[in-house]
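Here is the structure we will look at, set down as structure tokens.
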Amino acid sequence: MDEHEIDVPPIDELDPGAVTLSVAAPATVSIPVGAALAQYADEDDFDEDVLEDDLVSGDGDFDADSAERPSPLSVDDLHAAEAAAEIALAEQIEADRLAEEQRLADEAEAERVAEEERAAAQAEAERIAEEERAAAQAEAERVAEDERIAAEAEAERVAEEERIAAEAEAERVAEEERATAEAERARAEQAEAERIAAEERAAAEAERLAEEQRIAAEAEAERLAEEARIAEAERVAEEARLAEEAEQARIAEEARLAEAERLAEEARLAEEARVAEAARLAEEKKQAREAEQARVAEEKRLAREAKLEQKRLAKEAKAARIAEQKQQTLDAARAAEAERVAEAERLAEEARVAEEALREAERVAEEARVAEEERAAEEARVAEEARVAEEERAAEAARLAAEVAAEEDIEDADIVEDADEDEDATEASDIDAESTDADTTDSDTTDSETGAAPRTDESADVESSSDPEYVTDRGSADTVDNPSAESADPNDESQEMTEKSAPTTAEKKSAAGITTTGVQSVVRPTGEIPVPVSSAVVSAARPGGIQQQGKVAGPEAASLLTADRLLESRPSTRRAPEGFWQSLLYNASGHLINVGDAKAVRERKDLDSKIGRTLGGEARFVPVLTRKGGVGKTTVTALLGMALADSRSDRVIAIDANPDRGTLAERIAHQSRYTVRDVVRDADAIVGYNEFSDRVARDETRLDVLASDTDPHLSEAFNEEDYTAVADLAAQYYSLILTDCGTGIVHSVMKATLGRADSIIVVTGGSVDDAKLASETLSWLEVNGHEELVRNAIVVVNATTPNSRLVKIEEIDRHFASRVRALVHLPYDPQLAAGSAISFANLLPETRLAARKLAAAVVEGLPAGRENGR
């Protein structure tokens with residue numbers, strides 16, 4: 042279609058009142074026409090309508106109705122519409138051209154603005170980078186200056202603190218000396234007051250226990266009376282109700298009432314018997330307490346007398362060591378202050394290094410490289426200086442040798458000339474001989490004054506080579522080392538003349554640096570540094586051999602092959618640190634910076650050291666006990682044994698001494714079919730550790746467990762004698778023996794267990810009744826003569842359930858801390874709460890840590906180095 046051709050749609054699709062002309066260009070022209078145009082009924086095209094074909098009927102007749110329709114558009118109208126469309130099209134094309142020009146102008150402007158902004162941004166970035174570089178350089182210089190000033194200030198502060206500490210220490214020592222007498226008197230008064238207070242507390246405790254028992258008895262009686270009254274009221278009400286029922290019901294009620302009266306009578310008799318038994322036990326406790334109080338009072342009196350005697354002896358010894366103590370105290374204070382400052386600096390440095398490890402790695406590597414280069418340069422410089430010094434020393438030795446040789450040549454010439462003169466003039470020869478004899482006499486006198494016998498030059502040289510401390514390079518300064526002297530004929534007349542001129546040779550030795558003292562002579566040329574060697578090497582030298590610096594004639598002794606002599610540098614014996622940042626810094630610096638282990642690693646190693654402390658002598662017994670079941674006593678025993686066996690190198694065993702059915706063997710993965718009953722029965726057949734170990738079960742931590750009887754009827758027979766037999770056998774093969782006791786504390790096994798105990802562990806839960814029963818257990822032990830075990834005891838607070846805020850655990854801690862040596866909390870662990878076999882490696886970290894802390898506390902309280910025999 043031509044771009045200006047008009048597309049006219051069918052008439053029936055036209056909007057009444059308007060005709061839309063569509064052209065190829067994006068333009069639309071609307072021409073209003075009559076509404077009657079919409080009344081065309083046929084679908085013929087517009088040309089047929091123009092020709093008025095539809096105005097004539099099919100049979101040629103004129104249709105009057107059609108004639109009434111308005112005529113179609115005229116050709117002028119169509120031309121006008123076409124012209125209007127062309128105008129609109131032109132306007133549209135012009136508008137599009139202007140829009141395109143405007144778009145291109147806008148794009149060019151946008152590109153120009155973007156280019157300007159990019160250039161400005163690049164310039165700004167370069168300016169900011171330059172400013173940041175300058176600021177970083179200035180900051181680095183400022184930090185270096187601050188560090189230097191801080192280091193100087195820290196040094197001044199440390200010096201001032203040391204001075205102040207020394208003055209304070211001196212004042213404190215003086216104050217302590219002045220207050221010693223007052224302290225002694227105060228301690229004596231305090232001891233007396235403590236004794237009186239202890240007696241009053243014991244009396245008050247006795248009264249409190251009696252009052253509690255009386256109140257408990259009254260409360261029990263009131264409870265029984267109230268129950269009887271309530272039962273009587275119910276019975277009366279029941280009788281009134283049953284009065285209207287049948288006679289059979291009344292007979293049944295009478296029978297029930299008779300049975301109730303019988304039961305009440307039995308309960309009353311049982312209560313009277315219990316009250317009588319309680320009164321008897323109270324009387325026995327009172328008598329035992331009075332006896333114990335008398336024993337304690339006597340022990341205190343003896344201890345007081347011994348303490349007074351010790352104080353007297355201490356006062357006598359104090360005057361003798363007061364001066365030494367002052368000096369030791371001052372030295373200790375200085376050392377402690379130095380260690381504290383060093384430790385503080387080390388910790389601060391460690392923290393700083395840990396934070397800056399990643400940033401410092403490259404710098405440290407660069408510094409290490411520079412340091413290595415400087416070290417290599419320094420070694421080269423030192424080697425060059427040593428070489429130059431060696432050359433100078435060799436030149437000096439050669440010069441001295443040349444001087445000595447020249448003097449010997451002059452002397453030989455003089456001797457020959459003197460000999461010729463002797464042949465020509467006998468008198469002159471006699472005079473010279475007399476002069477020589479006089480000089481020889483003076484030389485002998487000088488040797489005798491120094492305590493040495495007259496000797497020849499050769500013997501002096503040999504003795505000088507056996508100096509026990511030094512062997513030096515003698516070069517040619519000694520006449521013995523002169524080849525011409527060694528090859529000279531003894532019968533030569535010139536040799537005889539040389540021997541006669543001994544004073545002149547001695548003078549030459551003195552001028553060359555050869556001295557003779559006592560029976561040894563040391564040849565030390567001028568400017569030469571002596572080289573120390575062992576006496577064994579000197580004695581191994583062949584007589585007459587030549588000894589030079591660093592060399593010995595003859596074979597050397599094996600003791601000279603030391604590491605310092607053979608190795609270029611001693612390797613560092615300090616091991617690599619443990620910890621993420623510490624290892625990272627150590628590896629990044631090429632093993633040059635070792636800041637030590639991390640805090641957690643140091644704590645772990647400290648626990649290992651405490652748990653692994655050596656225990657000499659006989660086996661140690663540690664029972665775990667409680668008066669209430671269900672608080673985790675067996676669990677604590679298993680955990681303690683695993684922690685000890687995992688960290689110690691000796692043997693650890695846990696014995697289930699529960700008279701009832703014990704479950705200790707079920708808390709480890711490996712089981713054994715043997716029990717304590719088998720060990721008691723086969724005691725005579727067990728003659729070594731192999732036989733005993735066959736009857737125990739071993740855990741993955743090397744903990745051995747000896748199970749109790751599984752049959753309750755048989756386990757009742759496990760008594761004091763049986764436990765003694767088992768304990769005696771175990772003590773022969775194990776260093777630590779744990780005993781899982783039953784819930785009762787009055788059975789016979791407990792007596793034998795406490796008799797062997799070195800320390801005890803009391804387990805309690807986190808509830809009120811658990812804590813009260815644990816405290817009563819300690820009281821029972823104190824009343825029955827085990828005060829020392831209570832003072833050295835450890836209380837374990839076992840959390841059998843997740844944390845509960847109903848009970849004030851800190852109050853429980855405060856109570857037990859006043860009675861025992863240590864307190865350990867065992868956190869809640871789902872694996873422990875399951876009641877099955879325990880895998881020590883799979884426990885929660887806090888649970889393992891608590892078990893290790895308990896093991897360390899147990900080992901810390903055990904006596905060390907005790908010999909067999911209790």
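Under our numbering, the first residue of the sequence shown carries the number 42, and numbering increases by one thereafter.
Even glycine gets a Cβ: it sits at the ideal position worked out from N, Cα and C.
Since the structure is predicted, the reported quantities are computational estimates derived from the model, not experimental observations.
CA-CA distance, residue i and residue j?
i: E123; j: D137; result: 21 Å
i: A344; j: A905; result: 24 Å
i: D854; j: V848; result: 12 Å
i: E339; j: L884; result: 51 Å
i: A299; j: A308; result: 14 Å
i: A162; j: E150; result: 18 Å
i: I570; j: E433; result: Residue placement at I570 is flagged as unreliable, the pLDDT there being 40, under the threshold of 50; the coordinate-derived value follows with that caveat. If you take the alpha carbons of I570 and E433, they lie about 12 Å apart.
i: L92; j: D117; result: The pLDDT assigned to L92 is 44, lower than 50, so where the model puts this residue is not dependable; a value taken from the coordinates is nonetheless given after this. When rounded, the distance between both Cα atoms is 16 Å.
i: V803; j: K813; result: 12 Å
i: V316; j: E261; result: 10 Å
i: T675; j: H856; result: 24 Å
i: E141; j: V154; result: 20 Å
How many whole angstroms separate the CB atoms of residue i and residue j, which I take to be in contact at a CB cut-off of 8 Å?
i: A777; j: L685; result: Position check: residue 777 holds Leu in this sequence, whereas Ala was assumed. That belief holds up - the Cβ atoms of L777 and L685 are roughly 6 Å apart, short of 8 Å.
i: A247; j: K327; result: 7 Å
i: S749; j: T784; result: Not a contact, Cβ separation roughly 13 Å.
i: I694; j: D745; result: 4 Å
i: T780; j: A874; result: In fact, because the Cβ distance is near 24 Å, the residues do not count as touching under 8 Å.
i: A878; j: A710; result: 5 Å
i: E823; j: R668; result: Actually they do not touch by this definition, with Cβ atoms about 14 Å apart.
i: A771; j: I835; result: Not really, about 21 Å apart at Cβ, beyond 8 Å.
i: A840; j: Y869; result: 4 Å
i: I786; j: P664; result: Not confirmed; about 10 Å, so no contact.
i: S789; j: N760; result: 5 Å
i: I672; j: L867; result: According to the sequence displayed, residue 672 carries Val and not Ile. Not quite, the Cβ-Cβ distance comes to about 10 Å (not below 8 Å), so this is no contact.
i: L795; j: H827; result: 6 Å
i: E294; j: E279; result: 7 Å
i: A679; j: R718; result: Actually they are not in contact, since the Cβ atoms of A679 and R718 sit about 21 Å apart, beyond 8 Å.
i: L19; j: K894; result: Residue numbering for the chain in the displayed model covers 42 to 911; residue 19 lies beyond these limits and cannot be assessed.
i: L626; j: A398; result: 5 Å
Under 6 Å Cβ to Cβ from residue i, same chain only, skipping five residues before and after it: list those, please.
i: D687; result: T742
i: A266; result: none
i: A639; result: G620, Q623
i: I256; result: none
i: D691; result: S776
i: V728; result: none
i: H632; result: none
i: D799; result: R661, F662, L903
What residue range does the alpha helix (DSSP H) around residue i cover?
i: N839; result: Where N839 is concerned, there is no enclosing alpha helix (DSSP H), although the beta strand (DSSP E) it sits in stretches over 835-839.
i: V809; result: 809-824
i: L349; result: 288-396
i: T676; result: 674-688
i: H856; result: 850-858
i: L648; result: 640-652
i: D870; result: Per DSSP, D870 belongs to no alpha helix (DSSP H) and is neither H nor E.
i: Y764; result: 761-774
i: L881; result: In the sequence on display, residue 881 carries Phe and not Leu. Unbroken run through F881: none, as it is neither H nor E.
i: A891; result: 886-901
i: V636; result: Element bounds for V636: n/a, residue is neither H nor E.
In terms of DSSP beta bridges, what is residue i paired with?
i: D781; result: V665, D697
i: V803; result: L666, V836
i: D118; result: None; D118 has no bridge partner.
i: R739; result: D745
i: T716; result: A748
In chain order, what residues of the same chain lie with their CB nearer than 7 Å to the CB of residue i, ignoring the 5 residues before and after it?
i: A726; result: E732
i: A269; result: A305
i: S808; result: V848
i: A395; result: W622
i: R862; result: R832, N833, A834, I835, G902
i: R739; result: H711, D745
i: V721; result: D763, A766, V767
i: K341; result: R236
Where does the unbroken beta strand (DSSP E) through residue i begin, and where does it stop?
i: A863; result: 863-867
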